[in-house]
Each structure stands twice: as C-alpha cells, then as structure tokens.
Amino acid sequence: MPGLVVFGRRWAIGSDDFVLPGAFELLVRLVWWMGILALYAVHKGQFNCPGGGLLHSYLLVLLVLLASIICALSALVYISMQGTISNPGPRKSLPKLLYTRLFLYLPEFVWAVVGAVWVSDSSVRCEKTVINAIVGTVIASWVIIIFTIIGVVIVFDPLGGKKTFYLTDSVNRNLESSQSGQLLYNVKNTATRVWEKRIRLLCCCIVQDDDHRVAFTSIAELFRAYFSDTDLVPSDIAAGLILLHQEQDKMESCPKEPEEVLCHSPSSLATDDLDVELENAAHYMLFAAAAYGWPYYIYTNPLTALCKLNGDCCGNRPTDSDITGSARHNFHFGSILKITGLQYRDFIHISFHNKIYEIPFFVALDHKKEAIVVAVRGTLSFEDILTDLSADCEDLTLEDVLENGFVHKGITQAANYIYRKLINDGILNQAFTIAPEYKLVIVGHSLGGGTASILAIMLRNSFPTLRCYAFSPPGGLLSKSLADYTKHFIVSVIVGKDLVARLSMPNMEDLKRRIVRIVANCNKPKYRILLRGCWYEVFGGDPENFPTELDGRSQDALTQPLLAEESLMVHRSPSYSALEDESHLHSPPQYPHLYLPGKIIHIVEESSSRRLCSSDSKYTARWSNEAVFSSILISPKMITDHMPDVVLKALNSLSQEHGSCISC
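For the sequence shown, counting from 1, position 401 maps to 887 in my numbering; every step adds exactly one.
What follows is the structure, encoded as structure tokens:
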C-alpha cells in the first residue's frame, strides 16, 4: 500500500506492517506484565526495606503503564490486520493509535530512568530477588526503546516530506506549468542526491576518484528513475515476490500443450552440436571459476583449502619475472593453479588489479584444447558491483560490423581496459609467439562473462577463429543486432532460473509492473501473505490460491489497470512528462532492450532430493533463445543458480552423462 503518512511526512512502512512486530512486542509485554504482577503479589506488604516505598510506587505505576501499552498495542495490531494491501480504508484510524503508542514511550522512558536510578542507589537494602527483577525491567525497557529508535531510523524516508507534498497537494494546487515542472525537477534532483549519498556510504571503504564519482551519479539516476513512479514499501515488494513465485509455480505445474513440447525437441544435428559445446563449456568453466582466485577455492574446499595453499606457498616458486603482470605470488595464483591444474610456465599474464571498470583477468596456455585462454573474473568487490550497476547504454563502434548497436556501459569500459592490456601491452602477441598454432578462447562468469563477450566482439576481426564461452552473463548486455552477430562465435550458458541472466532495465520494469499488479489486486491481508509465503518457501507444499480482483475479468479488461493498481503509481504532471519527452525526442531510449550474447544453452534441473539444495540432481540442456529470458522468474534458486560452483556442477554432470552414454 502507499507509505504511511504520520507527522506530516511519508515513511517507508505501511499501515498493515504493524501486525507481526506488534504481535511480538505484545507477547513480550504480556509476559513482562504478568511477571511484574506476580512479583508485586508475592512481595505485597513486604516493602519495609530502605527504598521500599519508592519500589512499591515504581511497581504500581509500571503495572499501569504496561497495561496501557498492552491495550494500545492490541488495538494497533487489530487495526493493522484489517483491509488488504490496496484497501487501507479499514485502517484509517491507525495513525491516531500510533500517536497514542508513541506518546506512551515518554512515561516509559522516564520510568526506565527512575528504575535505573533506584537500582544504582547504594542505600537500597531490599531483597536480591526484587532488585534483580527491577534490573531486568530496566534492561527490557531500554532494549525496547533502543530497538524502536533503530526501527524509526530504518523506516525513515529522506524524501518523505517532498513525496507527501507532491502526492497529497499537487492535484489541488493550481500551479502554472513552469512552477509544476520546477517543483518536480527539484524533487528529482533531491532523490538523486539521496541515492548518491547512500551509495557513497556503502562504498566508504574504497578509494574514490573521478570514475567513482561519475559512476555514483549514474547509478543514483538509475535507482531514482526506477523507484520514482511507485509508492510501495519494502514489505509490499516482499509480498509481491511471494505471490509471483506461487503464481509462477502454479503455471509450471500445469501440463504443457503437445505443440509446446514438440517445439523444444532438438534435431539430431543440433543435439550433436550441443554435446560438443557442453563438453567444451565444462572444460572452460574451470578457467572462469579459477579467475575468482582463493575465495572460490576456499568456498568449494572449506576444510582443506587453507592447508593446501599454505603448503604450496612454502614450496619453491619461480621468480616474478616468469609471469608478466603478476605483482607477487599469493593465494590467488596458488588457487588458480589448483583449480585449472596448469603449470607455472603455462601462464602468460596474470592481473589482480581491481578498480571500477578495471577487473582482474589472466592469460594462459591450455595444451589440452590447444587454446590461448583469456579468463575474466566476475563480481567479487564493491568496484565490480559499481561496474555492474553502471547500466547506461552506449554505442559500440566497430569496423566491418554491419549494424553497430547499444551495449552495457560499465561492462564495455571493463572490456576496453582488458582490450588495451592485451593489444597495447603485447600480451596476445607474446602468447601467439609461444603457441602460434593455438586458437584464442575468451571465458568468464557473470560480470566476467559479459566482459568476455564484448571483448570477443572487439577482437573478432583480428582473430576470426576466436571462440567465447560466457557463463551466466548479465541479460542486459547487447542490442538485438549485436546479439545476432555474436551467434557465430559466442556461446552463453545459463542454469535454471538464474536472476543475473534475466537482469535488464526493461525486465526490471516488467517485474515492477507485475508486482504492482498482483499486490494491488490481491484480496488477502499482507500478514497472511507473508506468513504463508515463508512457510511455502521453507517447507514447500501447494501454492496458495490467493483470490484477486483479476479473477473473472475479460482478457480485454486485463489490459487496463484497476483503481487499486493506479493508487500505487506516482502520477507525474503533464508538464514534467512533457519536459522529459521533449528532452529525449531525438535520442535513443536510455534503457533499450538488451539481450544475452551468442547462442544460448539453457540447463534445467529436472529432479533433486531436497527443495533448496540438492546433492543428487539430474540436469538437461537444450538450445534456447533470448525470448525465454525476457522475464525475471522468482525462485529460491534464482541466486544459487548463478553461483559458479553450481554452473560447474551442472556442466560436469551433463558432460559425464554424455561420456557414459558414449561408452555404453
């Protein structure tokens, strides 16, 4: 629902968000009140000790204060349970109850101070049980007060005052077009500055230069543009994701039409080609995973990795001059050796240098496949995250490519950095001098997969036989013309419901619209959605059949938003829309549709022994197309399916299965 408006500003919490925290506090307060009541009943008439009179008054007032708080909390929880996400009408009295509850914090704070003073008074000579009970009461009071302050800080919206001003008053104000446009321009700039401050705070531990400042502004604009047109609180988004996941599971459980099954049946030639590419992908995924260095090696070998790496570091090593670009032999290089199984002499260049738009990579000789492998590391640092989030589009200008298109800005700059190192520093010349008959293969996972794809496009003219294997690359990477161009030399490998492979600004906009639609039209209260959703995610079961206002509507009617759905969207004034439309009239859209690179192999887990993770899984693979990844799928595995160890496990399973079939 729209954010709660109290004290003249909007907060990042809804009026139906007080059920679960309020019920928990109510339980604590009830136990506390009964404990104090039992203490008072047991010691009634026995307050003759020094300081006992004050203790008697303290307990009586505390009982009355706790009873008042319990009543206020009960009313608050009850009212918060009423209505639905998009129907806050039954909860219209909640702000008054909230004011009452917050007002009770004042006497509670005063009484917590009085209790602390009484406990610290050395002249008090009452029973130890009573003193300990008062100490516990004082501690409980301060803990609740501190957690309340933390909660207020969390739900504070820096833009709440401006948003409330715009949402509630702008319709009734008769402003001139220029005044309205200036007002909304100021709101937009304020929102950008707020997001920029948040990003700077998150990245306070890294050295910041001009590139970082430009990236901060670009990313802040992205977040501002994405969140500016909705009035959802975080719990609404969580409820929407839960509903989408269950709706998606219900659709997947429906039997497919025969025509749909037949269209996925590959030809014999395509199957043979797929088997070859899967075998190659399983081999080169080791290089892509090795680029992560010691974090990946320790993650996959938690018990023995440190011992192996320490023992290896104590052995004899060649001098640094044997590996160009390696500042020193460290755990990263030792891990790369362990994962790939290569020798020291097989490495041409290793770079651990990491800044925004500059990511680590290594160049090695793969004698098994007779290839010079360039392996690019994926996201592993704050700098890499900033590179990922620099999602503006820019032109990729290349000679002899018929249709240049748009590419992901941050990843393209990372590819440019590696391209300059490979060509200008003579790294590839050195590699081909050693092994002139070898072919060039570029690999990477996640951010590394996207960077490897764009790097392959840049090197394609110079190395016509080049091949690229992009494992779980970002979805919003290449325009349609470039994606089609790369089908001749790039293979993308996607596992399951990988989130990153479906990430693009159009897909995120689609997800936002789906969340708004399903949340606005669900007829169940939010607390029921969240509780049932948590049970479903942890323990499984059948998806909940939440009835919605969408049920029974005609297909034509479904194309029009409902009133509840419109209430969750921030309506911009005509002048503001006109200003934006005019500024972009003769320029391409800021976030056009971008696609995965090359031909796509989609690996799906057919069966597993457990819900969230499985040690006994069966995978199937097939050629797919970019349309399959045009929507973000909600699943507990949307993150784990992206992990490099899961991708490697799936590829190894398919490769071993193919090998056993050949032997049979």
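Ideal Cβ positions, reconstructed from N, Cα and C, are used throughout, including at glycine. Since the structure is predicted, the reported quantities are computational estimates derived from the model, not experimental observations.
Rounded to a whole number of angstroms, what is the C-alpha to C-alpha distance between residue i and residue j?
i     : j     : result
V638  : Y564  : 21 Å
I685  : S704  : 11 Å
L1016 : P846  : 41 Å
K683  : L548  : 43 Å
Y526  : S627  : 18 Å
T678  : P644  : 11 Å
R699  : C879  : 18 Å
N915  : F833  : 14 Å
E613  : W597  : 21 Å
R988  : C793  : 38 Å
Y1081 : K966  : 6 Å
I1001 : I723  : 7 Å
C689  : F868  : 7 Å
V977  : K1085 : 5 Å
L908  : H894  : 21 Å
I836  : A938  : 16 Å
S572  : R1003 : 10 Å
A706  : A917  : 41 Å
F949  : D881  : 22 Å
R515  : S554  : 10 Å
F848  : Y830  : 12 Å
K983  : F1115 : 9 Å
S579  : R1014 : 21 Å
A900  : D696  : 16 Å
S990  : Q568  : 37 Å
L562  : G575  : 15 Å
Between which residues of its own chain and residue i is the CB-CB distance below 6 Å, once the five residues before and five after are set aside?
i     : result
S1139 : Y1105
G936  : I897, P959, P960 and L963
P581  : V492
L823  : none
A701  : I842, L872 and S876
A791  : Y783 and I784
P468  : Any property of residue 468 remains undetermined from this structure, which presents the chain solely from 487 to 1150.
Can you list, in chain order, the residues of its chain with a C-beta nearer than 8 Å to that of residue i? Leave out the 5 residues immediately preceding and following it.
i     : result
E1023 : I728, H731 and P1122
V927  : Y770, D852, K855, A857, I858, V859, V860, L952, R953, C954 and Y955
Are the Cβ atoms of residue i and residue j separated by less than 8 Å?
i     : j     : result
Y782  : E844  : no
A558  : R587  : yes
A428  : P788  : Look at the range of the chain in this structure, 487 to 1150, and you will see that residue 428 is not part of it.
M771  : F957  : yes
D996  : S1117 : yes
G934  : G864  : yes
T786  : K998  : no
T634  : N1009 : no
S721  : G500  : yes
I1087 : A1113 : no
G930  : A777  : yes
K1012 : A768  : no
L552  : W518  : yes
I617  : V629  : no
Q734  : L1119 : yes
F892  : T826  : no
L512  : S560  : yes
V719  : A498  : yes
I631  : F589  : no
M944  : Y971  : no
D761  : V981  : no
V979  : I1125 : no
Spatial neighbours of residue i within its chain, please: CB distance less than 7 Å, with the 5 preceding and 5 following residues excluded, ordered by chain position.
i    : result
R946 : L952 and F975
H839 : P846
L828 : A850
L540 : W604
I'd like to know whether the C-beta of residue i is nearer than 8 Å to at least one C-beta of chain C.
i    : result
D717 : Going by chain labels, chain C is absent from the structure shown, which holds only one protein chain.
Task: Touching by the beta-carbon criterion (3+ pairs, under 8 Å), the region 596-604 and the region 502-516 - done: no
Open item on the list: Does the region 516-530 come into contact with the region 616-626, if we say contact requires no fewer than three beta-carbon pairs (one atom in each stretch) closer than 8 Å?
Closed with: yes
- [ ] Say whether the region 815-828 touches the region 865-881, bearing in mind that this needs 3 or more beta-carbon pairs closer than 8 Å, one atom from each stretch.
- [x] no
- [ ] Any chance you could list the beta strand (DSSP E) runs of at least 3 consecutive residues sitting entirely within the region 948-980, in chain order?
- [x] 953-957
Open item on the list: Taking 8 Å as the cut-off, does the region 850-860 touch the region 909-928 (at least 3 CB pairs, one atom from each stretch)?
Closed with: yes
Task: 4-residue-minimum alpha helix (DSSP H) runs that sit fully inside the region 865-946, ordered along the chain - done: 868-875, 895-910, 913-920 and 933-945
Task: Minimum length 4: unbroken alpha helix (DSSP H) runs contained in the region 565-606 - done: 580-589 and 591-606
Open item on the list: Which complete beta strand (DSSP E) runs does the region 826-852 hold, if anything under 3 residues is left out?
Closed with: 833-837 and 847-852
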